[in-house]
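Comments concern the structure below.
There are 2 protein chains.
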Amino acid sequence: MNELPSILLNAAVDEFSKLPGVGRKTALRLVLHLVKQPVENVEKFGNAFIRLRNEIKHCKICNNLSDNDICEICSNQHRNQSIICVVENIRDVLSIERTQQFNGLYHVLGGIISPMDGIAPSDLNVDMLVQRIKNENVKEVLLALNTTMEGETTCYYIHKKIYMLNVEITTLARGVSFGDELEYTDELTLGKSILNRQPFIK
Amino acid sequence: MNELPSILLNAAVDEFSKLPGVGRKTALRLVLHLVKQPVENVEKFGNAFIRLRNEIKHCKICNNLSDNDICEICSNQHRNQSIICVVENIRDVLSIERTQQFNGLYHVLGGIISPMDGIAPSDLNVDMLVQRIKNENVKEVLLALNTTMEGETTCYYIHKKIYMLNVEITTLARGVSFGDELEYTDELTLGKSILNRQPFIK
């Protein structure tokens with residue numbers, strides 16, 4: 007697989023296989039697909055990424071990816087400005103938006119503390135968050151990070167940075183997922199879901 | 007997932023998810039990876055495909071993808087010019103090259119007969135193959151197509167086109183794969199492997 011009979015083909019396969027989770031076999035399959043497409047489609051394909059990379063911005067308020075200096079969510083006056091949901095990345099923003107259960111603003115950290123991946127607390131936009139809480143009328147900060155070791159560590163770090171700022175700090179409810187069987191639910195989750203039991207609604 | 011908060015992001019995800027086997031979730035993951043890369047890397051990425059599509063050629067002899075008018079294999083005078091191995095696409099060429107057991111030339115059909123996918127016999131480069139056999143000193147044509155219905159159909163079609171050309175027509179040996187258990191080998195393959203049994207070599 008190492009030596010393709012064409013320098014152009016090799017270069018294209020190399021580029022594809024730099025993407026996470028794409029091996030050289032998959033890369034070759036995708037590249038051969040592109041070779042069969044009309045020239046203008048392939049130009050559109052290649053230029054979409056170049057344009058994206060050159061023109062995309064980070065929202066100056068919440069650090070979310072955006073076409074403009076201020077993202078759509080931050081500039082929407084109908085959203086509740088007094089609650090900030092702290093997430094790891096834009097994919098988490100999209101997941102939460104899809105639930106249609108959150109009407110506040112976001113704060114995108116751009117990662118979570120992970121010594122293994124070389125991400126230190128200083129790499130996250132926590133100072134920006136502190137400034138927002140200080141300067142704006144923020145009443146609640148919802149920490150919506152993953153329940154992994156790294157997520158928990160990041161939660162503790164942020165908590166330490168903001169607990170004296172007179173703001174309510176909350177996290178997502180932990181419990182048994184819809185569709186989950188109790189038999190296979192881990193005991194930590196099941197235990198939490200018993201401690202935090204809710205009134206039954208008919 | 008449909009509505010990303012950025013037109014640029016949407017465009018890039020759209021382009022990625024046009025690739026076979028890439029859904030919008032994977033596309034978004036790959037696009038967000040690209041956003042984090044240096045601008046020059048993303049430009050290299052995008053331009054690799056555009057350059058490939060604009061500059062890649064099909065070998066005028068065997069139809070394989072090549073940087074030049076004649077591919078490396080066809081222009082290699084050390085290869086056996088009297089045997090042509092007929093394959094579906096360049097990936098099959100690469101697979102056979104990796105075995106290091108074939109020193110002849112190739113003929114790349116660019117597909118196999120598949121009414122379901124709208125590929126008719128006229129879409130394949132069979133006429134080019136017939137011309138090669140007529141004009142050059144070809145002694146053997148090895149049909150190395152997949153053992154699927156479409157592959158077999160294509161074999162019969164090519165056979166019909168070339169059997170009167172005074173050339174030996176062969177196909178790959180069918181048999182039990184290395185590492186396969188007889189118990190799970192289909193009866194057609196196992197039957198063939200008994201009929202075509204070989205002298206045991208110590």
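Quick mapping for you: the protein sequence lines, in order, are chains A and B. Going left to right, the first sequence walks through residues 7 to 208 as our numbering numbers them. Going left to right, the second sequence walks through residues 7 to 208 as our numbering numbers them. No residue lacks a Cβ here, since even glycine has one placed at the ideal position from N, Cα and C. Quantities reported herein were computed from a predicted structural model and do not represent experimental measurements.
Check, Outcome
"Neighbourhood of A:ARG203 by C-beta, 8 Å cutoff - its chain only, sequence neighbours within 5 removed", "none"
"Three-way DSSP call (helix, strand, coil) for B:CYS91 in this model", "strand"
"Cβ distance (whole Å) where A:ASN69 is taken to contact A:VAL28 below 8 Å", "Contact flag wrong, Cβ pair sits at about 27 Å."
"Run of the alpha helix (DSSP H) containing B:THR105, from where it starts to where it stops", "96 to 105"
"Beta strand (DSSP E) segment containing B:VAL114, residue limits", "111 to 114"
"Three CB pairs or more closer than 8 Å across the segment 72 to 91 of chain A and the segment 32 to 50 of chain A", "no"
"Beta-carbon proximity of B:VAL37 to B:VAL19, cut-off 7 Å", "yes"
"Chain A residues whose Cβ lies nearer than 7 Å to that of B:CYS77", "PRO11"
"Those runs of the alpha helix (DSSP H) which lie wholly inside the segment 11 to 60 of chain A and span at least 4 residues", "13 to 23 and 30 to 42"
"B:GLY124 to A:ILE62 span [Cα, whole Å]", "40 Å"
"B:ASN86 versus B:LYS198: straight-line alpha-carbon distance, rounded", "29 Å"
"Beta carbon proximity, A:VAL48 to chain B, threshold 7 Å", "yes"
"Unbroken alpha helix (DSSP H) run spanning A:VAL182, endpoints", "A:VAL182 -> no alpha helix (DSSP H), and no H or E assigned at all."
"Closer than 7 Å at the beta carbon, the chain B residues around A:ILE96", "LEU38"
"Simplified DSSP assignment, three categories, for A:HIS64", "strand"
"Residues that DSSP places opposite A:LEU151 in a beta bridge", "DSSP, once it has assigned bridges, lists no residue as partnering A:LEU151."
"Alpha-carbon to alpha-carbon, A:GLU158 and A:CYS152", "Residue identity differs from the one stated: residue 152 of chain A is Asn in this sequence, not Cys. Taking the straight line joining both Cα atoms gives about 7 Å."
"Where the alpha helix (DSSP H) through A:THR195 begins and ends", "193 to 201"
"Contact under 7 Å by Cβ, A:SER88 with A:ASN141", "no"
"C-beta atoms of B:LYS167 and B:VAL136 nearer than 7 Å", "yes"
"Minimum Cβ-Cβ distance from B:ILE56 to chain A less than 7 Å", "yes"
"Neighbourhood of A:LEU178 by C-beta distance below 7 Å, restricted to the same chain and skipping five residues each side", "ALA150"
"Buried or exposed by the 16-neighbour rule on C-beta atoms within 10 Å, applied to A:ILE90", "buried"
"Cβ-based burial, A:PHE184 [other Cβ within 10 Å; buried from 16]", "exposed"
"DSSP state of A:LEU71 mapped onto helix, strand, coil", "strand"
"Contacts around B:LYS50, its chain only, beta-carbon distance under 6 Å, and the 5 residues preceding and following it disregarded", "none"
"Expected contact under 8 Å - CB spacing of B:LEU148 and B:THR176 to nearest Å", "5 Å"
"Local conformation of B:ILE118 per DSSP, three classes", "coil"
"A:PHE206 to A:LEU194 span [Cα, whole Å]", "22 Å"
"Classification of A:LEU188 by the beta-carbon crowding that lies within 10 angstroms, buried from 16 upward", "exposed"
"Cβ pair A:THR160, A:ILE119 closer than 7 Å", "yes"
"As assigned by DSSP and simplified to three states, the class of A:ILE168", "helix"
"Beta-carbon proximity of B:LEU58 to B:ILE96, cut-off 7 Å", "no"
"Where A:GLU174 falls: helix, strand or coil (DSSP)", "strand"
"Contact set between B:LEU34 and chain A, taken where Cβ atoms lie within less than 9 Å", "ILE96, ARG97 and LEU100"
"Exposed unless 16 or more other CB atoms sit within 10 angstroms - verdict on A:MET7", "Confidence in A:MET7 is poor, its pLDDT being 44 and thus under 50, which makes the residue's placement too unreliable to answer from."
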